[in-house]
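To start, the structure itself, in structure tokens.
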Amino acid sequence: MSETYTGGCQCGAVRFRVRGELKDASICHCRMCQKAFGAYYAPLVSTRGAELVWTRGERKKFRSSNFVERGFCGDCGTPLTYEAPDGVAVAAGAFDDPSLLPPVVQFGMEGKIDFVDRLHLLPGHRTEEDAEQAPFVLEIVSHQHPDHETAIWPPETGK
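Set out below in structure tokens:
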């Protein structure tokens, strides 16, 4: 039986399904991936050997180099893909359950930022612990697409 994974962007305009084994999750530290994700590194999952189907909407693409296109949601900006001649990788955080896809390798080590290896040493706090300084955190209502398939998105609101 083939495994099935689903995911999409934060606004729900673009959704995908992957059927098959996903075993090549990675982190890329190269500067191009840092910029594409707006982060210290890019967590990606190769879909080589699996079936990737776009189930809602279409991603926009940006040609970030002579070989690579980056897919993203044109509505909310969520990074979605790294598309190269050797296959498509999907942003790990765009999967509905990214914990199922732990990275097994790192790439682009020449661009790795030194403090990344020490992030786990930083103090950590739950969101509600910041309520005294930022009371709004206790009243946040997410407008992001939920981490599961939906028949309609955004939901119809009562008029």
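So in full-length UniProt numbering the end of the sequence shown lands on 159, straight run, no missing numbers.
From the three backbone atoms N, C-alpha and C, an ideal C-beta is built for every residue, glycine too.
Burial state of A151 is exposed, judged by a 10 Å Cβ sphere holding fewer than 16 other Cβ atoms. The C-beta separation of E51 from R19 comes to about 5 angstroms, placing the pair in contact by the 8 angstroms criterion. Excluding five sequence positions before and after G87, the CB atoms of its chain that fall closer than 7 angstroms to its own CB belong to S46, T47, R48, given in chain order.
Per DSSP, F72 is one residue of the beta strand (DSSP E) stretching across 69–72. Sequence-distant partners of G57 (beyond 5 residues in either direction) whose C-beta falls short of 6 angstroms from its own C-beta, in its chain, are A13, V14.
Counting the other Cβ atoms within 10 Å of the Cβ of T81 gives 16 or more, which makes it buried.
Relative to L101, the option among A89, Y40, L122, P135 whose CA is nearest is A89. When Cβ pairs closer than 8 angstroms are counted between the two stretches, the stretch 2–13 is seen to touch the stretch 93–112, the count reaching three or more.
Considering only R126, G74, Q106, the residue with the shortest C-alpha distance to D117 is Q106. Shown here for R59: same chain residues with a beta carbon closer than 7 angstroms to its own, the five before and five after excluded, namely V14, G71, F72, C73, L80, T81 in chain order. Within the same chain, Cβ atoms closer than 6 angstroms to the Cβ of R17 are found at T6, V53, T55, the five residues on either side in sequence being excluded. Counting along the chain, R31 sits inside no beta strand (DSSP E); it lies in the alpha helix (DSSP H) bounded by residues 31–37.
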